[in-house]
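**Q**
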Amino acid sequence: MIDKDLMTELIAFRKMLHANPEVSGKEFNTAKSVAKFLKTCTPTKIIENIGGTGIVAIFDSGKSGKSVMFRAELDALPIQEINTFEHASTNIGVSHKCGHDGHTTVLLGLARILSEQKPKTGKIFLLFQPAEEDGEGSKAVFADPKFEDVKPDYIFAFHNLPAYPLNQIVVKNNSFTAAVKSIIIKINGKTAHAAEPENGLNPALAIAEILQESAKLSNNDPNREDFTLITPIHIEMGEIAYGISAGYGEIRLTIRTWNEKTMEKLTADLIKCIEKASKKHQMPITCSWTQEFYANQNDDEAVALVKEAAKSLSFNLFERKFPFKWGEDFGLFTQNYKGAMFGIGAGEKSPALHNPDYDFPDKILPNAIQLFHQISLRILS
Ligand SMILES: [Zn+2]
Ligand SMILES: [Zn+2]
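According to our numbering, the sequence shown is numbered sequentially starting from 97.
Take a look at the structure:
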């Protein structure tokens with residue numbers, strides 16, 4: 097059980113974060129508040145400014161042994177909050193609509209427990225990562241030379257899950273979230289008088305062809321191992337000037353698969369269909385990629401540890417059949433370390449993530465803290 101005073105302190109801290117959200121890469125004050133709280137937990141070491149505004153707190157037993165990392169995110173979203181409760185966002189157009197305020201608070205609760213019950217062997221790392229929402233944060237942390245010192249044997253993270261029963265632990269072997277990336281396709285034609293489009297190169301038909309052909313590459317059936325999804329996001333072409341035949345166009349798509357292998361194939365197939373359209377319509381097309389999220393590839397042993405820990409605490413456990421279609425940049429860590437991402441139910445009636453009325457349910461704080469702590473005890477015992 098978590099001490100009542102600690103819960104009161106954590107809920108107040110979570111609401112303070114909620115009221116003062118900052119978008120990806122700009123979590124300066126959030127990081128300051130987190131570092132200030134961490135200092136009261138007397139970790140062995142605190143590394144600040146890792147991968148931008150990131151922080152790692154290290155609880156080192158001083159004895160050899162395994163190391164385990166738990167990760168939370170610091171960033172909020174560019175969404176206007178419509179809630180009117182007391183801790184509503186005070187930052188116009190920005191709010192914590194993914195519950196990262198809650199995830200961060202869970203790690204701080206764990207830090208407070210570790211300050212009283214130091215690990216007996218090995219080390220525990222608490223990573224507060226910036227910029228999860230744009231996929232840049234884990235990359236920046238991973239590439240930071242300061243991360244060299246903290247490479248863990250195991251790494252874990254959870255995401256709260258609206259529509260799942262409150263405090264239900266949701267696990268899955270192999271992929272937990274999809275591999276996702278976005279493509280920007282630029283079609284370079286040539287303007288002409290609208291009366292004589294034959295003298296120019298209008299990208300309209302190339303755009304239509306790319307959309308038609310790419311739609312055929314989608315297998316939007318989550319039960320399939322080779323699930324693929326291509327979603328048109330944005331199309332732009334020409335100017336609103338009725339005398340001009342368009343000479344330039346852009347298409348933006350997101351693409352998703354359950355694993356990196358299928359992602360490689362889908363990428364190659366999509367590029368092939370773009371090249372075909374370029375050749376047929378005799379227009380140079382350039383492509384670039386953005387917002388890349390690796391699939392969260394859960395390790396069997398790490399998932400087993402989550403399950404055992406949940407069972408030992410008599411938590412409600414649910415094994416999901418197929419991965420979530422959203423991307424989560426923790427995937428970069430699970431592609432490189434033995435680890436697992438799991439979910440904790442935010443309640444069946446909770447508004448969905450990224451919705452303007454969403455708020456993190458504080459009722460899952462104690463369970464999440466206990467589960468992380470239990471996992472650490474199992475690895476370090
Ligand atoms: Zn999110
Ligand atoms: Zn999130």
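A virtual CB, placed ideally from N, CA and C, is assigned to each residue, including glycine.
Since we're looking at a predicted model, the values are computed, not measured.
#1: Check whether the Cβ atoms of residue 271 and residue 298 lie closer than 7 Å to each other.
#2: Taking DSSP's pairing of strands, which residues face residue 264 in a bridge?
#3: Buried or exposed for residue 338, please, with buried defined as at least 16 other CB atoms from any protein chain shown within 10 angstroms of its CB.
#4: Report the three-state DSSP secondary structure of residue 336 (helix, strand or coil).
#5: Quickly, what does DSSP pair residue 205 with across the bridge? List them, please.
#6: In the DSSP output, what is residue 156 paired with across the bridge?
#7: Closest to residue 417 by CA distance: which of 371, 319, 344, 336 is it?
#8: In the DSSP assignment, find the unbroken alpha helix (DSSP H) run with residue 469 in it and report its ends.
#9: Alpha carbon to alpha carbon, how far is residue 256 from residue 394? Give it in angstroms, no decimals.
#10: Distance, Cα to Cα, residue 151 vs residue 412?
#11: At which residue ranges does the stretch 405–457 contain complete beta strand (DSSP E) runs of 3 or more residues, listed in the order of the chain?
#12: Whole angstroms is fine: what's the gap from residue 217's alpha carbon to residue 345's?
#13: Are there any heavy atoms of ligand 1 lying less than 6 Å away from the beta-carbon of residue 232, as far as the coordinates show?
#14: Using a strict less-than 6 Å threshold between each residue's beta carbon and the heavy atoms of ligand 1, what residues do you get?
#15: Which residues does DSSP pair with residue 348 in a beta bridge?
#16: Within 10 angstroms of the Cβ of residue 97, are there 16 or more other Cβ atoms? Answer buried if so, exposed if not.
#17: Please report the straight-line C-alpha distance between residue 126 and residue 354, rounded to a whole angstrom.
#18: Flag this pair as touching only if the stretch 237–254 and the stretch 176–190 have three or more C-beta atom pairs under 8 Å; answer yes or no.
**A** In brief:
#1: no
#2: In the DSSP output, where bridge partners are listed per residue, residue 264 has none listed.
#3: exposed
#4: coil
#5: For residue 205, which the question treats as bridged, DSSP gives no partner whatsoever.
#6: 219
#7: 319
#8: 461–476
#9: 17 Å
#10: 31 Å
#11: 413–415, 434–441
#12: 59 Å
#13: no
#14: 194, 229, 449, 450
#15: 280, 330
#16: exposed
#17: 33 Å
#18: no
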